[in-house]
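Let me begin by presenting the structure, written as structure tokens, before commenting on it.
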Amino acid sequence: MGIVKVIEVIATSDKSIDDAVRNAVTEVSKTVRNIDSVFVKDIKAHVKDGQVTTFGVICQLSFRVD
Numbered sequence: 001m002g003i004v005k006v007i008e009v010i011a012t013s014d015k016s017i018d019d020a021v022r023n024a025v026t027e028v029s030k031t032v033r034n035i036d037s038v039f040v041k042d043i044k045a046h047v048k049d050g051q052v053t054t055f056g057v058i059c060q061l062s063f064r065v066d
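Okay, here's the thing in structure tokens:
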């Protein structure tokens, strides 16, 4: 039986929610191996002068522990 660990991260993008999720995976994969899935816990957008400027996501990433 394998062990799966879950960590929570916050990531942003000035392009889209999809890009913010991809940024989360890209950054975490620099130091964590065996990422299996991403659960988007929350989504947020920052607004300035009536326009969305950045997107943010709170993600839980799960990975297998060796």
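For the sequence shown, my numbering assigns the number 1 to the initial residue and increments by one for each residue that follows.
A virtual CB, placed ideally from N, CA and C, is assigned to each residue, including glycine.
All of these numbers come straight from a predicted model, not from anything done at the bench.
| query | result |
| --- | --- |
| Using the Cβ count rule (16 or more neighbours within 10 Å means buried), how would you classify residue 57? | buried |
| Helix, strand or coil for residue 19, going by three-state DSSP, please let me know. | helix |
| Got a sec, what are the start and stop residues for the beta strand (DSSP E) residue 64 sits in? | 51-65 |
| Are there 16 or more other CB atoms within 10 angstroms of the CB of residue 11, so buried, or fewer, so exposed? | buried |
| Taking the beta strand (DSSP E) that residue 37 falls in, what are its first and last residues? | 35-48 |
| Tell me the rounded alpha-carbon separation between residue 2 and residue 37. | 15 Å |
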